[in-house]
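Enquirer: Before we start, here is the structure in question, set down as C-alpha cells.
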RNA sequence: GGAGGAGUGGCCGAGCGGUUUAAGGCGGCGGUCUUGAAAACCGUUGAGCCGAAAGGCUCCGGGGGUUCGAAUCCCUCCUCCUCCGCCA
C-alpha cells in the first residue's frame, strides 16, 4: 500500500508515477473524490461522538451528586442515533476507499527502466559463457525420463498436470541443492535459517500483497482461512507483522527453504513441458528487513548473494533489471536472474530479487523504533526485500541441461558433490 | 476433541460499570551528581485518524451485543497455558 499522505500530496502526479503499471485509472480518480467526502463525514461523526461523550459524563456527575439526569440521558440516546447514522454513511465510503488503496501497485524507483513488457527489461550484467556442445543438447524433459529420474506421466496419474515425480539422482540432487544453498547463505552471507509453516492465513497474504488481488493464484484450503504458501516470502516477512523492532536489530536477514504452491491460473499453455512451471516446487528464499536508507544497498547485496549460488555451480546467467511494466504489484525495483538453458537455447528466470520499500511494511505494520532527528524516539516503517536464492526446481533443470554429455550422462557440479555423497555423474538407472 | 484458566502500552503488570486523561515496574529519552561511567534521585515517555491550529475521535486479542456511559457485564470467534483423550 502507498501512504495516504503520499497519495494526497502527489495525487495529480500519480498517473505519471504509475505510468506503465497495471492499475485502475478510474478507481484512482474516485479515490480523490472519496478522500474529501470521507474526511468530511469523519469530522462530522467525531463531533457528534464528542458531544455524546460530554453528555454521558454529565449524567455520571449528576447521578453521583443525587441530581436528576433524565434530560441528559435522553439527549445522549438521541446523539447515539445520530452517531450511528453518520457512522453507517462513512463506513460505506471507507470500505470503497480502502479497497482502492489496497489495489494500487507500488510506485517504481526512479532507476527502473521505462517500458511496458519483458522486451524492455535491461540486461545489467552477464556471467559465464553458454557452453558449446559437440552434439545437439537435449532439454531436461527428454534427459530426465531417459535417465529414469524424472517421471511426468506418473505424476499426472497421481495428481495431475504440472506435477513431477523426482526419483533417484534427481531427488538426491534436489535435496543437495537445498542444503547447499542454505549452507552458503547461512555460513558465508550472514542469513539466519528459518523453517516456517507451509500454510499461512489471509492476514499474512494481505501483508505481503498477494491478497486481495491475486487470490486466483493461490491454493485455498476449503472451509478455512488457510492457504498453501506461494513463496516463503509470505511466512518469513510476516514473522514480524504487527511488531516494532528495536533499530539495533536491523538489518535482519533470513533464509528459508519451503515448497511453493501456485495455482498458475492464467498460465494455460505456457511452459507445459518439463519442470519450469509447476504447481509445486522447492525454493530457498532470502528475506531482508532494513532501515529505509539502507534498502537499495541491501538489494544489491541480496542479489549478489543469489548470484553467488549460480557462480559456485558454474551456471552461466545474466542479471536483468525489470522495466516498469514487468514489475510485480508490490515491488519498487526488481532484478531477475536468468540462467542459461541449453535445451531451450535461452536465458530463463531462476531468481527474482525485489525491494518493496515500505509497501509491504505498511500493509503488515512492521516498524522500527528509531531515534528521530530531534533525538526523540519514534516508530518508522521498515523496508522489506526478498529474492530467490534460488528456485530449486529450475536450478535442477539448469544443472541437468548444462552438465549433460554426448552419451546421455550428466556430470554433477563439483560444488554439489559433497552434498551427494561424492556422486560425480548421473547414469541411466 | 473434552474440562478449566488467561489475553491490558516496546516489555511485565494493576484495574472488574462513571476523575482511566490505563496505577506501578522494567526499558527508552532528558537532567542532578561524577574526571568519565555505574548506582541513586528528579522529570519525561503508547499507537492510529481528523484538524492550519486549538482541539477532537478511535484503540485494553478479533467481531457483535447490553447501557445515558464498557478494559470492566453478555454472546461469539481466535490465540496461549494446565489437565484429559487421540495421534506422527
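Residue numbers (the numbering used here): 1 to 429.
Ideal Cβ placement from N, Cα and C applies to all residues, glycine included.
Along the chain, where does the alpha helix (DSSP H) containing residue 73 start, and where does it finish?
Expert: 70-103
Enquirer: For residue 394, name the three-state secondary structure that DSSP assigns.
Expert: helix
Enquirer: Out of 121, 103, 105 and 413, state which residue places its alpha-carbon closest to the alpha-carbon of residue 111.
Expert: 121
Enquirer: Helix, strand or coil: which one does DSSP assign to residue 319?
Expert: strand
Enquirer: Below 9 Å between beta carbons: does that hold for residue 386 and residue 237?
Expert: yes
Enquirer: Taking only heavy atoms of the ligand MG into account, decide whether any of them is closer than 8 Å to the Cβ of residue 331.
Expert: As far as ligands go, the structure on display features none, and thus does not contain the ligand MG.
Enquirer: Should residue 93 and residue 28 be called a contact, given that it needs their Cβ atoms to be closer than 9 Å?
Expert: no
Enquirer: Quick check: what's the CA-CA separation for residue 339 versus residue 315?
Expert: Roughly 7 Å between the two C-alpha positions.
Enquirer: Return the first residue and the last residue of the alpha helix (DSSP H) that residue 58 is part of.
Expert: Taken as a continuous stretch (DSSP letters only), the alpha helix (DSSP H) holding residue 58 covers 25-64.
Enquirer: Keeping to the same chain, check which residues put their C-beta closer than 6 Å to that of residue 30; ignore five residues upstream and five downstream.
Expert: none
Enquirer: Per DSSP, what are the beta-bridge partners of residue 141 in this structure?
Expert: DSSP, once it has assigned bridges, lists no residue as partnering residue 141.
Enquirer: Which of the three DSSP states is assigned to residue 325 in this structure?
Expert: Look at residue 325 here: in three-state DSSP terms it is helix.
Enquirer: Between residue 170 and the rest of its own chain, which residues show a CB-CB distance below 6 Å, the 5 nearest in sequence each way excluded?
Expert: 149 and 150
Enquirer: Let's see if you can read the secondary structure: which residues bound the beta strand (DSSP E) around residue 229?
Expert: That residue, residue 229, is in no beta strand (DSSP E); it is neither H nor E in DSSP.
Enquirer: Could you work out which residue in 155, 205 and 361 is closest to residue 273 when comparing CA atoms only?
Expert: 155
Enquirer: Hey, out of 319, 370 and 193, whose CA is closest to residue 347's CA?
Expert: 319
Enquirer: Identify whether residue 376 lies in helix, strand or coil by the three-state DSSP scheme.
Expert: coil
Enquirer: Are the stretch 53-65 and the stretch 1-15 in contact at 8 Å, needing three or more beta carbon pairs?
Expert: With the cut-off at 8 Å, the stretch 53-65 and the stretch 1-15 do not touch.
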